[in-house]
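Single-structure report; data block below.
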Amino acid sequence: FGAAFVVSSYASAQAPVYDANGGNDLEQRIAVLERIVKSRTEMQHRLQAQLDNMQNEVDELRGAVEVNTNELEKVLERQRELYLEIDKRVEALKQNGVTSSTGNAVSSSVSASGATPSQALQQGTQQGEEEAYNSAVNLILKSREYDKAIPAFQSFIERFPNSEYAPNSHYWLGQLLFNKQQWAEASEQFNTVVTRFTDSSKRADALLKLGVIAERTGNINQAKQLFQQVVDEYPNSSATRLASSRLNNL
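Sequential numbering from 5 applies to the sequence shown in the working numbering.
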């Protein structure tokens, strides 16, 4: 009986040690899982930062393409206008018998550039508009003077609020402010693109950036709504691929 009591007492004494070892093993497993989750989260953040940088580079490349495309279109348009003006002048000379007086009249009514005074004024305004826009864009794409580009775009928007370059200018300004983490000011510019320029090629990207701003400022529900809006309205765009990726990570 004494031996049985000793064995029973020994077994009872050892039971807590066994349970404690089991608890330690569970804690170790939890610690390993926590490290794995933390590592994956950090990796996701790094990948997201890389995606953001790539998106900024894509925006800059798109801007360069847009500038070159606009310049080419303007050159072609000027050529067409010049050809039309030449045709008109030749036709007028034919109809009037190519008299010297008619020639003088035509030459006096047309400026040296081949345009009437009103056309020359319009062309001058357009040239000033293009130069101002290209100058602002070049501060980003060529010299990378981002702080100088902000007032340049602000000035352009103030001078030419209804310009064909206005949507892009608001987007570029929003992107510059976004990079400086001036969320409220950036949102204002992106919202302008979304609400005022509904046909702009920049609208999808502006919606995406509004979603990113909402995400970074803690408005997760709003971010989800904006990302979903991009997916619904622009299903085949590059912005949708980025929006879908961010939705999956929220």
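Every residue, glycine too, gets a C-beta built ideally from N, C-alpha and C.
Quick one: grab the DSSP three-state call for residue i.
i	result
Q233	helix
G222	coil
E192	helix
Y169	coil
T45	helix
D203	coil
Q186	coil
F150	The sequence shown places Tyr at residue 150, not Phe. Here Y150 sits in helix by DSSP.
S241	coil
F157	helix
Which same chain residues end up closer than 8 Å to residue i when comparing Cβ atoms and leaving out the 5 residues on each side of it in sequence?
i	result
S248	F231 and V235
P165	none
L55	L246 and S249
Can you tell me which of the options puts its alpha carbon nearest to the alpha carbon of residue i?
i	options	result
K206	L30, G222 and Y169	Y169
R163	L145, L143, R39 and E134	E134
N223	F157, L254, F182 and A208	L254
I161	Q193, R50, N183 and A53	Q193
Q158	S147, S139, T244 and L51	S139
D203	R220, N172, N28 and N183	N172
R220	R245, N183 and T244	N183
G1	K146, S147, S167 and A210	Because the chain here runs from 5 to 254, residue 1 falls outside it and cannot be looked at.
N252	S43, N28, Q32 and Q52	Q52
Could you name the residues of the same chain whose beta carbon sits closer than 6 Å to that of residue i, not counting the 5 residues immediately before and after it, in chain order?
i	result
L181	E189 and A190
R250	F231
N142	none
P121	Reliability fails at P121, whose pLDDT of 48 lies under 50, so the model's placement of it is uncertain and the value that follows must be treated cautiously. Excluding residues within five positions, none has a Cβ falling inside 6 Å.
D209	A243
A136	F160
What does a CB cutoff of less than 7 Å around residue i pick up in its chain, not counting 5 residues either side in sequence?
i	result
I40	none
| said: Check whether the stretch 188-197 and the stretch 228-245 are in contact - that is, three or more C-beta pairs closer than 8 Å. | reply: Two segments are said to touch when three or more pairs of C-beta atoms, one from each, lie closer than 8 Å; by this definition the stretch 188-197 does not touch the stretch 228-245.
| request: Taking 8 Å as the threshold, find out whether the stretch 236-245 comes into contact with the stretch 214-222 through three or more Cβ pairs. | output: no
| Contact between the stretch 172-183 and the stretch 151-160: three or more CB pairs below 8 Å? | yes
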